[in-house]
Amino acid sequence: MAAMAAAIGLLASGCTSAGGDGAGSTTDPAAPEVTRPAAPDGELPAELQDGLQAALDAVMAELEVPGAAAGVWIPGQGSWTTAAGLANVEDSTPVTTDMSWPIRSITKSYTVTLILQLADEGKLSLDDTIDQYVEGITNGDRITLLQLANMSSGNADYVTEAFQDEFLSDPTKIYTLEELNAPVVGQPARFEPGAEYLYTNANTNLLGAVVEKVTGEPYADALDARILTPLGQTGTTYLTDVDDWAQPHPTGYVIDDGKPVAQSENPSILGAAGSLFSTLEDGRAWAETLGSGSLLKPETQELRQVGHEIPKPPYDLYAVGMGETNGWLGHNGEGLGFTAATFHDPATGASIVVYMNESDSPAGHPADIAFRALAEVLANGAGA
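Note that my numbering has the sequence shown beginning at 524, numbered continuously upward.
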C-alpha cells in the first residue's frame with residue numbers, strides 16, 4: 524500500500540470569443556479536415572532495422588524492462604515495428620505488436636488538442652479564465668485556459684492526503700472527472716498564474732471539465748466524436764474501469780531489487796490527464812497528427828509549440844500539451860508500471876512510438892530513454 528501511495532503521488536506530479544455555453548460538438552466547416560495519416564509503404568532497410576533493434580534491446584537490458592512494443596516510420600523509406608520481451612512475467616506471455624497499452628500522460632496531448640480545436644472553432648478562447656467553467660478554483664478569475672495547458676497555472680493538485688487515504692481504503696473505486704477535480708476547489712495556489720511552470724494532472728483534468736462544459740457531452744464522448752472516430756483510432760479508448768481493458772494486455776511492473784513487481788491498475792485516478800489506452804498502430808497515427816498539427820489551424824499549432832523549461836517529465840521544453848526533444852514533438856506518459864513515448868519529427872516526417880511495461884526506474888523514464896536511443900540511430904545516418 525505504501526508503494527501504491529507513492530505511485531499515486533508520482534502520477535499526479537506527473538483564439539477569440541466568449542466563454543463556452545454548452546454549444547454542442549458539431550465542428551466548424553472551416554476547421555481542418557480530420558484525416559488518418561497513412562503508414563509508409565514497405566519495411567525499413569535491414570541494416571537500419573538491426574540498428575534500431577539493437578538500440579531498443581540495449582535500453583531494455585540496462586533498465587531491466589520486462590517487455591516493449593516499438594515502431595519507427597519514415598516517409599519514403601518504410602516502417603519497422605517490434606515486440607520484445609514479456610507482457611506478463613508470471614505467465615511468460617510475450618508482447619505482441621497489437622496489444623493495448625496504457626499511454627498515461629499522452630492523454631494530455633489529446634485533451635489539449637480538444638481545447639485548441641474548440642478555440643479554432645470560436646467556441647472558447649484560450650484567454651478565458653477557468654472560473655468561467657469550474658467554480659471555486661483559487662485565482663480562477665486569473666488562471667487562463669492557456670496557462671492550464673502549458674502548466675503555468677499555479678493551481679493546487681488533487682492528490683491530497685485525504686484523496687490518497689480514500690484511494691488506499693478502496694483501490695478499486697472508479698473515480699469520475701468531477702471527483703478528481705473536487706479536491707482542487709478552494710485549495711491554496713502554489714504560485715501566481717504564469718509565474719512558474721509545474722507539471723500536474725490537475726491542470727489537464729480541469730481542461731477536461733472545460734471540454735464537457737463547452738461541448739455539452741461527457742469527456743469520453745467528445746473525444747470520440749472529435750478525434751478518435753474521425754481519425755480512425757479504433758484501438759484507442761478512454762477507460763476508467765480496468766475490467767473494460769481488452770485482453771490480452773501487458774502487466775505493469777516496477778523493478779525492486781532486480782525483480783519485477785506487478786502493479787495494480789486503476790486508470791480512473793488519472794481522468795482526462797491519463798486514462799487513455801492505445802495500440803502501436805494508433806500511436807503512429809497520433810504521433811504524426813500531433814506533431815504535424817493537422818487537426819489545428821497553422822497559427823494554433825505555432826502557438827502550441829511555444830515551450831518552456833519544466834522540471835519534469837523529460838523534455839527539452841514543454842509547450843502546450845506537447846513536449847519538444849531535439850526537434851521531435853510529442854508526449855510521454857508514465858505511472859503504475861507503464862511508460863510510453865510518442866514523437867514526430869516535422870523536419871523529416873519520421874515518427875517513433877515506444878510502449879514499455881516498467882515505470883519508476885531510478886535511471887529515468889524507460890520509454891523516453893528508448894525513444895532518444897532510436898532517434899539517435901536515425902540521426903547517425905541511419906535513414907531519417
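Don't be surprised by glycine CBs; every beta carbon is placed ideally from N, CA and C.
Small disclaimer: the values here were computed from a predicted structure and weren't measured.
- Burial state of Ala591 is buried, judged by a 10 Å Cβ sphere holding 16 or more other Cβ atoms.
- Spanning the alpha carbons of Leu647 and Pro563 requires a straight line of approximately 36 Å.
- The three-state reading of DSSP puts Ser815 in helix, counting H, G and I together.
- Assigned with DSSP and collapsed to three states, Gly645 falls in coil, not helix or strand.
- Put simply, the stretch 893-900 touches the stretch 861-876. At least three CB pairs are less than 8 Å apart.
- A straight line joining the alpha-carbon of Ile833 with that of Glu804 spans about 30 Å.
- Counting the other Cβ atoms within 10 Å of the Cβ of Asp767 gives fewer than 16, which makes it exposed.
- Counting along the chain, Phe800 sits inside the beta strand (DSSP E) bounded by residues 799-801.
- Spanning the alpha carbons of Asp650 and Val707 requires a straight line of approximately 21 Å.
- Under the DSSP assignment, Ala607 falls in the beta strand (DSSP E) whose first and last residues are 601-611.
- Residue environment: Lys631 is assigned as buried (16 or more neighbouring CB atoms within 10 Å of its CB, all protein chains considered).
- DSSP places Asn855 within a strand segment (E or B) once states are collapsed to three.
- In the DSSP secondary-structure assignment, Lys782 is bridged to Asp779.
- Nearest to Leu793 by alpha-carbon distance, out of Met845, Leu703, Glu822, Gln576, is Leu703.
- Excluding sequence positions up to five before and after Gly850, its CB lies within less than 7 Å of the CB of Asp868, Ala870, all in the same chain and listed in chain order.
- Inclusion of Asp643 and Thr652 in the CB contact set at 9 Å is not warranted, their separation being larger than that value.
- Around the C-beta of Gln572, 16 or more other C-beta atoms lie within 10 Å, and the residue is accordingly described as buried.
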